[in-house]
Amino acid sequence: MQTDTLIVGQGICGSMLAWWLEQAGLSFVVMDEPRPFTASRVAAGLINPVTGRRIVKTWMIDELLPFAVSTYREIGATLGIDCISPARVIEFFPTPQMRHAFLDRYADDREHLVLPVHEGDWRAQFQYDLGYGIIRGCQLVDLPALLEATRKRLKEHGRLREERFEQGSLITGITDVRYRDIQAGRVIFCDGVESTANPLFSRLPFAPNKGEFLIIEASDLVGRGDIQTVFKKGISLAPWKEGLYWVGSSYEWSFDEEGPTESFLKRTGAILKDWLNVPYKIVGHYASVRPATLERRPFVGFHPLHPQVGILNGMGTKGCSLAPFFSYQLVEHITKGIAIRPDADVRRFTKVLSHSS
Ligand SMILES: Cc1cc2nc3c(=O)[nH]c(=O)nc-3n(C[C@H](O)[C@H](O)[C@H](O)COP(=O)(O)OP(=O)(O)OC[C@H]3O[C@@H](n4cnc5c(N)ncnc54)[C@H](O)[C@@H]3O)c2cc1C
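Every number in the working numbering is 52 more than the matching position in the sequence shown, counting from 1.
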């Protein structure tokens, strides 16, 4: 078969890329090996405009957030799902230093930070001693729903191959690529942490990062008002499916095994016991690996020596906000030759990539 683009991987990157290619009227095929615990399938789905110990705005968020919201809404309308909703974070201060940091930032950032009128008003549900602050302007993305509905649509349109892509079967030419029976104008790798083993891209400064989390049943735990509420006290508690909460996660640069560990279960179980005043039951424990990068910027664009081979990866902890924008940039680059942002363009690594094939 012939197609414009072969996409490898249907996580948030591959799904977004498929969306923009379809909008641009280009043909494509997505090859994805079904796996239950990929980063996109297990992510909490939170887009938080201010993060870190200093509670400062994240990179490019003023541009990324509105773009992400409108993209998820458009896709949702086409797929018949509601995959993004406004959210806030109730941040219970875990230490006096964190309380100070929040109050300091509050003076400068009234757009995102709010102080409660009554600091004790969550005590029926949570145990906390140092008060809390509220981060507003967040969004929660329902990635499982988005991935599932996208997959269904791809299948219906005959654009999905549910199989493993084998690097050894790829033949790259000057103007096209061949993969078994597929002749494509280009191949774009959206394969998450697997790209670290791709001989064409393995020299990129990836820094895979493991995250473990629990799923708990806590039907007495309810947010208030008409927006979703994420609770935080060192770890996050985010609404998952009906009556369930996602609790996590760890953030590990160095790990021996990719699966769930006893030590995380014990540690997080103890935190929950001290923190929650409502009954709960742990019903799941999972782990996945984030395709993070050393300089915390994504990898977008085409290989300097193989111009028909592209990558959309390195979303780290922020796939929900980065993927909509950078998949769009990539398609604008393909269709109109518009330059990719230099700090995201993979050609900033031309030197190292020139030694990788
Ligand atoms: C615990 C945890 C919590 C997170 N929470 C958040 C959050 O709240 N907000 C946020 O923005 N981000 C969050 N993230 C980060 C986010 O999940 C990632 O940035 C994002 O999902 C990366 O998407 P991706 O499409 O690049 O990769 P992936 O989701 O890994 O998708 C890659 C796809 O490629 C397929 N694939 C790989 N190799 C092959 C092959 N050889 N052949 C065929 N198919 C292949 C895989 O099966 C998979 O479907 C979290 C991550 C973790 C682990």
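Cβ coordinates follow ideal geometry from the N, Cα and C atoms, glycine included. As the structure is a computational prediction, the values presented were derived from the model and not from experiment.
Exposed or buried, what is residue i when buried is set at 16 or more other beta-carbons lying within 10 Å of its beta-carbon?
| i | result |
| --- | --- |
| F283 | buried |
| R205 | buried |
| V239 | buried |
| T57 | buried |
| P376 | buried |
| V404 | exposed |
| D156 | exposed |
| H170 | exposed |
| I59 | buried |
| W298 | buried |
| V335 | exposed |
| D160 | exposed |
| K293 | exposed |
| R216 | exposed |
| K370 | buried |
| R175 | exposed |
| Q179 | exposed |
| W111 | exposed |
| R348 | exposed |
Per DSSP, residue i forms a beta bridge with which residues?
| i | result |
| --- | --- |
| D397 | V352 |
| T103 | V108 |
| S288 | K284 and G300 |
| L212 | V82 |
| T224 | V229 |
| G185 | E143 |
| Q191 | I99 and P138 |
In terms of residue numbering, what span does the beta strand (DSSP E) encompassing residue i cover?
| i | result |
| --- | --- |
| K262 | N261 to E269 |
| S340 | K333 to R342 |
| L296 | L296 to G300 |
| V229 | V229 to Y231 |
| S137 | I136 to F144 |
| V239 | I234 to F241 |
Alpha helix (DSSP H) containing residue i: first to last residue?
| i | result |
| --- | --- |
| G128 | I113 to L131 |
| V361 | Element bounds for V361: not the alpha helix (DSSP H) but the beta strand (DSSP E), V361 to N365. |
| E314 | E314 to W327 |
| R384 | For the record, residue 384 in the displayed sequence is Glu; it is not Arg. From DSSP, the alpha helix (DSSP H) with E384 extends over G371 to K388. |
| F80 | From DSSP, F80 is part of no alpha helix (DSSP H) but of the beta strand (DSSP E) over F80 to M83. |
| R65 | Looking at the sequence itself, residue 65 is Cys, so the reference to Arg does not match. From DSSP, the alpha helix (DSSP H) with C65 extends over I64 to A76. |
| Q149 | P148 to D160 |
| L357 | Premise fails: L357 is in no alpha helix (DSSP H) and is neither H nor E. |
| T55 | No alpha helix (DSSP H) contains T55, which is instead part of the beta strand (DSSP E) from Q54 to V60. |
| K403 | T402 to L405 |
| R93 | A91 to V94 |
If residue i and residue j are in contact, beta carbons under 8 Å, what's the gap, nearest whole angstrom?
| i | j | result |
| --- | --- | --- |
| P118 | K109 | About 14 Å; that fails the 8 Å criterion. |
| P343 | F258 | 7 Å |
| G275 | V193 | About 17 Å separates the two Cβ atoms, so there is no contact after all. |
| L317 | H337 | 6 Å |
| Q219 | N250 | 6 Å |
| L222 | I267 | The pair is not a contact, with the Cβ atoms about 37 Å apart (cut-off 8 Å). |
| G263 | G300 | 6 Å |
| A120 | C372 | 7 Å |
At a cut-off of 7 Å, would you count residue i as near ligand 2, judging by its Cβ distance to the nearest heavy atom?
| i | result |
| --- | --- |
| R342 | As for ligand 2, it is missing from this structure, which binds only ligand 1. |
Does the count of Cβ pairs from the stretch 317 to 333 and the stretch 361 to 368 closer than 8 Å reach three? no
Quick one: any contact between the stretch 121 to 141 and the stretch 81 to 96, if contact means 3 or more CB pairs under 8 Å? no
Evaluate contact between the stretch 238 to 247 and the stretch 148 to 164, counting only Cβ atoms and requiring at least three cross-stretch pairs below 8 Å. no
Between the stretch 326 to 336 and the stretch 183 to 191, do at least 3 Cβ pairs fall closer than 8 Å? no
Would the stretch 273 to 292 count as touching the stretch 306 to 314 if we require 3 or more Cβ pairs under 8 Å? no
Under 8 Å: do the stretch 73 to 82 and the stretch 248 to 266 share three or more Cβ pairs, one atom per stretch? no
Give a yes or no on contact between the stretch 381 to 401 and the stretch 348 to 358, applying the rule of three or more CB pairs nearer than 8 Å. yes
Count the CB pairs spanning the stretch 122 to 138 and the stretch 200 to 218 that are closer than 8 Å, and state whether there are at least three. yes
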